[in-house]
Every structure is written in C-alpha cells, then in structure tokens.
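Novice: Below are the structure tokens for one structure; questions will follow.
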Amino acid sequence: MSFFQEACGVSIGQGTFNAVTGNQTNHIYNGMVQQKKHTIYDEFYEIKLGGVHRIRDIHCENYPRRWDIGIREWYEERRLRVDRTICAAEIRGEQGSRFTVVSYSGPEKDKAWKEDFQLVSKATNTTKMQLFGINRSSVPLLIFYGELVPLAHVWDRVGLLGQSYANTLSYDVLDCAAPSEMWIDPAQGTLIRGVEGPNRYLYHPNLSESSVETLPPLLSSVELLLDEDVCFRYLSRFPFDKEFDRRVIEVLYFTSENGWRSRIVHHEKPYVLSSTTNSIIAVGSGSHVYWTGFSGFECLEDQVLMPDGRTRFTLINEATNLILCSDILGDKRVWLSQASSIFDRLGISLNDDLSSYKLILPDIELRGSIEGSQRRSEDQPIYLFLHQLHSISPPLEVGSVVSIHTWSHDKNGQIAIPRHHYKDLGLPTELSVKEFTSYPCSWPSETYKSIHKWQIARGFDPTTIDFTRYLRYPIYEVQQESGSARFEEVPV
C-alpha cells in the first residue's frame with residue numbers, strides 16, 4: 001500500500017485503520033440556532049382541534065349570505081362575514097374542568113378572531129372573560145375558563161329593575177359596547193364582559209345618566225340580576241339623588257305602558273281621565289319641555305326649571321333653528337310620582353283596575369329661527385325663558401304663532417331684553433306651532449303598586465306628595481267632581 005512505502009517492522013492488529021491520501025481541507029461549522037420571537041400568543045396554551053370535546057351548544061350565529069354580494073342594511077355595514085359557534089367543552093388533559101369555546105369560520109374569520117383576542121387577551125381582573133387557550137388553525141378557537149352563560153339566555157327571567165341593573169352595569173361599569181357582551185360566570189356568581197354573545201334585544205332604561213355622579217358603583221352580582229326583591233332592596237339603599245329616583249320611576253313603568261295618539265286636544269295641561277265615569281280626576285299645572293337641535297346643530301343647553309315655573313335654556317349657537325317640544329317622558333314621571341296620593345284622596349284602591357285611568361298629555365312642538373348677528377356678543381350669555389304652556393292664550397292651534405318666551409342676559413330672568421332688540425340679536429319674537437295633539441297613556445295596577453312600594457322603601461309616605469316635592473315636580477290638582485272629557489282615539 002502506498003502509505004507504507006519504505007516502512008519496515010510495522011504490525012497492525014485488532015483495529016481499524018483508515019488511510020486518507022491526497023490534499024486535505026478541513027471545514028469548521030459553527031451551528032446557529034435561531035430563536036422564535038416571543039409574542040402575546042405564546043402566553044396562552046395552544047390547544048389542538050382534536051383536544052376539544054364539545055359537550056353543549058351555547059350559541060351559533062351565521063352571517064347573512066347576502067353580504068357576500070354586497071347587500072347590507074345600514075346597521076350591518078361594519079359587521080364581519082364570520083360564523084361564530086359557542087360551546088361548552090372539556091379539554092384533553094384538563095380533568096374535571098369545563099371551558100367555553102368560541103370557533104370562527106367564514107371569509108373574515110381571522111380578522112374576527114383577532115379582534116376578539118385583542119379584547120380578552122389583556123384582562124387584568126375578574127371583570128372580563130379569562131382566556132385559557134387558543135387555536136390558530138383553519139378553524140381558529142378562543143378557549144375560556146369556566147362554563148359561561150350569555151346574559152341573553154336568562155333575560156326573560158330578569159325583572160324590570162334587574163334588566164336596568166344589567167344595562168347600567170354593562171355600560172357604566174364594564175364598558176361594554178352592547179349588553180350582548182355580558183356573560184354570567186356561575187362559578188364566581190358575577191357578571192363579566194366578554195366576546196359578543198347572542199345579539200338579541202336586551203334594552204331597558206339605565207338607572208343612571210351622565211349627570212348622576214353621586215351614586216355608588218354597582219356591584220357585579222348574579223343574585224342582584226336574578227332576584228328582583230334583592231335588587232329592589234339593594235337599589236333602595238342608594239343615597240338620595242333626584243335624577244336616580246326619576247330614572248327608577250321610568251324603569252318601573254317602561255314596559256307596561258299602553259299609549260296611543262288622539263287627534264283632539266281639550267287642555268293645554270296634562271290631566272287624568274277616568275274612562276269608567278268619563279270624568280277628569282286630576283289636572284297638572286303645566287307640561288314640561290325639552291330642547292332639541294335641528295339638522296345636527298344644537299342651539300340650546302342647560303335646561304333649568306325656575307322656581308316660578310318657567311324653563312330656562314342657554315343659547316350656545318348661531319344660525320340654526322330652534323325646536324321646543326313638550327316633555328312626554330317627564331310628564332309621565334310627574335304623574336306617577338304622585339298617583340298614589342291622588343288615588344288615596346279619592347278613595348281609589350290600588351287593587352282596583354287602575355288601567356281605566358288615562359293620563360292625557362299635550363304633545364306640542366314649537367319652532368323658531370335663530371339668525372346670525374354680529375351684535376350678539378360671545379362673552380355675554382343669552383338665556384331663553386319659556387313660560388308654562390298652560391299660560392297660552394288664546395288656545396294653541398297648529399299653524400298659529402305664540403309669544404310665550406322672553407330673552408335675557410340675566411340668568412334669573414328678572415331683566416328681559418327689550419323686544420325691539422330681538423331682531424338685532426337674531427332672536428325670534430314669536431314661535432310657530434308645528435304640532436299640537438294629545439298622547440293618552442295608561443298603566444296596570446301592578447305598575448302603580450311598584451312605584452308605591454319604591455316610595456315606601458325610600459322613606460316616603462305614598463299617601464302624601466312628599467316624594468313629588470322631593471323630585472321638584474309640579475303638583476296635580478285633584479278634581480273631586482268634574483265634567484266629561486271626550487277625545488278621539490287613533491292607534492299609532
């Protein structure tokens with residue numbers, strides 16, 4: 001062999017010998033292992049599709065297939081083309097635990113999955129769905145701890161106050177986009193925010209408005225939601241707040257009202273008519289009003305009821321139209337806040353059929369024109385004072401004009417702007433009557449009993465007008481004997 005040339009005395013035994021001839025080149029390789037970038041998705045368990053054992057369907061929502069060809073209603077414009085299926089499930093390897101699984105399919109499934117993931121992945125407390133795992137395959141999944149129940153599944157079992165409690169909690173506390181994002185966590189006994197569930201009508205008036213800042217934060221409790229008596233006692237212990245108590249009255253009558261339109265108006269004041277005797281039993285002192293803008297331009301703000309019965313508004317804009325309407329909602333609350341006392345004075349029992357008593361409300365719309373003016377100073381406020389509508393003389397007629405208002409730089413309205421200066425300031429001297437009809441409405445005995453019970457819980461005697469005075473509402477005048485009042489009923 002060539003590599004043993006001129007060698008002698010060489011012995012090789014019990015081994016393996018490799019011979020390499022020719023030129024040699026050594027290559028040294030340094031292996032580099034590239035690490036995967038850590039993302040938010042790595043914070044959750046990756047669950048295979050086969051590891052999900054679905055045991056109960058909770059909700060399935062399929063998008064309308066007409067969306068595929070661009071046919072949508074205006075309120076559907078921003079919704080994604082995705083089918084969502086929500087199930088209760090067990091996960092392989094997680095013995096004894098139940099989960100809520102949301103699966104996505106459809107042309108925009110990935111976008112929908114990502115939007116929902118962003119909503120729930122950064123939860124830092126117990127007020128949101130707690131994300132356990134994900135799947136990013138062709139059938140993406142979001143997997144949540146616990147067997148959760150959508151609010152819509154129990155909505156029909158929830159009382160009036162419970163429904164308003166849920167709506168208030170969803171918007172004011174949990175910051176939901178809609179009540180359909182509300183879920184029940186049975187294990188914790190709380191209401192939480194999560195992905196969109198059954199998208200059904202879950203509306204009821206809220207218990208608070210932006211002006212109600214003195215109320216304590218609402219507790220998140222399934223017991224408050226499902227037990228109306230518990231919710232009633234809980235809310236009745238809230239600190240006194242006129243706006244809150246006004247909202248409660250609206251909550252208690254909201255779903256039980258029977259209202260319709262009437263073409264003939266016999267009174268500029270609200271009044272209560274007994275349909276049994278066809279006689280008036282009580283008359284209000286005058287209708288409330290509220291303001292609204294025109295074509296999106298608001299010209300009035302800061303509505304204030306003055307001690308003398310006038311209503312004050314602050315002018316905030318120029319070159320727009322002024323619209324003033326009777327406050328139907330406010331007038332209903334005025335009557336219902338004192339109905340128990342009036343029924344008591346007239347010897348009418350709450351056990352009678354109280355739906356036979358109809359509240360007849362004037363439905364009035366007044367309009368005027370606000371013109372631009374260089375002489376109207378921006379640093380000097382202008383107030384509109386509207387007198388009570390019952391002070392109108394002669395009686396209102398559609399198409400007529402009335403002058404029941406004054407303008408003033410004085411917030412108390414003691415010194416009015418001279419009428420001959422109205423035109424210079426671009427202010428209307430008269431208001432035209434655009435609408436004048438009546439709105440009769442009635443409620444069952446149960447509604448009156450609920451409001452009666454609320455007054456007692458708040459520490460008021462329903463046989464008096466103390467509750468009405470606390471709310472700063474005008475007082476109805478009881479009519480012991482009255483002539484008949486007729487009106488033509490026209491269903492809406």
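Anchor point for the sequence shown: position 336 equals 336 in full-length UniProt numbering, and the numbering is continuous, going up by one each time. Beta carbons: idealized from backbone N, C-alpha and C, even for Gly.
Excluding five sequence neighbours on each side, which residues of the same chain lie with their C-beta closer than 6 angstroms to the C-beta of residue 467?
Specialist: So the qualifying residues of the chain are 337, 455, 460.
Novice: Less than 7 angstroms between the CB of residue 73 and some heavy atom of the ligand FAD, yes or no?
Specialist: Questions concerning the ligand FAD fall outside what the structure shown contains, since it holds no ligand whatsoever.
Novice: Can you tell which of 120, 399, 104 has the C-alpha that lies nearest to the C-alpha of residue 137?
Specialist: Among 120, 399, 104, the Cα nearest to that of residue 137 is on 104.
Novice: Taking the alpha carbon of residue 479 as the point to measure from, which residue in 398, 283, 66, 387 has its own alpha carbon closest?
Specialist: Residue 283 is the option with its Cα nearest to residue 479.
Novice: Rounded to a whole number of angstroms, what is the C-alpha to C-alpha distance between residue 217 and residue 172?
Specialist: Spanning the two alpha carbons is a distance of roughly 9 angstroms.
Novice: What residues in its chain sit with their C-beta under 8 angstroms from that of residue 154, if we drop five residues either side in the sequence?
Specialist: So the qualifying residues of the chain are 184, 225, 226.
Novice: Going by the DSSP bridge assignment, what does residue 135 pair with across the sheet?
Specialist: DSSP, once it has assigned bridges, lists 141 as partnering residue 135.
Novice: When DSSP builds the beta bridges, which residues end up paired with residue 193?
Specialist: BP columns for residue 193 point to 128, 182.
Novice: Helix, strand or coil: which one does DSSP assign to residue 88?
Specialist: Here residue 88 sits in strand by DSSP.
Novice: If you run the structure through DSSP and keep just helix, strand and coil, what is residue 46?
Specialist: If DSSP states are grouped into helix, strand and coil, residue 46 belongs with the strands.
Novice: Suppose contacts are defined by Cβ-Cβ distances below 8 angstroms. Is residue 158 in contact with residue 207 by that definition?
Specialist: Cβ distance not < 8 angstroms, so residue 158 and residue 207 don't count as in contact.
Novice: Take every Cβ of the region 305-317, pair it with every Cβ of the region 401-413, and state whether three or more of those distances are shorter than 8 angstroms.
Specialist: The region 305-317 vs the region 401-413: in contact.
Novice: Which of helix, strand or coil does DSSP assign to residue 155?
Specialist: Helix, per DSSP.
Novice: How is the beta strand (DSSP E) around residue 321 delimited, first residue to last?
Specialist: Unbroken beta strand (DSSP E) run through residue 321: 320-326.
Novice: Taking residue 447 as part of the alpha helix (DSSP H), name the residues at either end of that continuous run.
Specialist: Unbroken alpha helix (DSSP H) run through residue 447: 445-457.
Novice: The alpha helix (DSSP H) spanning residue 252 covers which residue range?
Specialist: Note, residue 252: alpha helix (DSSP H), 242-253.
Novice: Pull the bridge partners of residue 416 from the DSSP assignment, please.
Specialist: Answer is 408, bridged to residue 416.
Novice: What did DSSP end up calling residue 238 once you bin it into helix, strand or coil?
Specialist: Correct three-state label for residue 238: coil.
Novice: Please report the straight-line C-alpha distance between residue 67 and residue 202, rounded to a whole angstrom.
Specialist: Straight-line Cα distance between these residues: approximately 25 angstroms.
Novice: Mind checking which residues open and close the beta strand (DSSP E) that includes residue 312?
Specialist: It spans 311-315 - the beta strand (DSSP E) in which residue 312 sits, taken as one unbroken run.
Novice: By DSSP, does residue 79 sit in helix, in strand, or in coil?
Specialist: If DSSP states are grouped into helix, strand and coil, residue 79 belongs with coil.
Novice: Does the region 344-353 come within contact of the region 398-406, defined as at least 3 CB pairs closer than 8 angstroms?
Specialist: No, the region 344-353 is not in contact with the region 398-406.
Novice: Let me confirm a value: residue 493 is counted as buried when at least 16 other C-beta atoms fall within 10 Å, else exposed. Which label applies?
Specialist: Outside the displayed range of the chain (1 to 492) lies residue 493, so it cannot be described from this structure.
Novice: To the nearest angstrom, how far is the alpha carbon of residue 421 from that of residue 384?
Specialist: Residue 421 and residue 384: Cα-Cα distance of roughly 14 angstroms.
Novice: For the beta strand (DSSP E) that residue 57 lies in, which residues bound it at each end?
Specialist: Segment 52-61, the beta strand (DSSP E) holding residue 57.
Novice: Which of the three DSSP states is assigned to residue 435 in this structure?
Specialist: The answer is strand: DSSP assigns residue 435 an E or B state.
Novice: Which same chain residues, not among the five before or five after residue 242, have their C-beta less than 6 angstroms away from its C-beta?
Specialist: The answer, listed in chain order, is 471.
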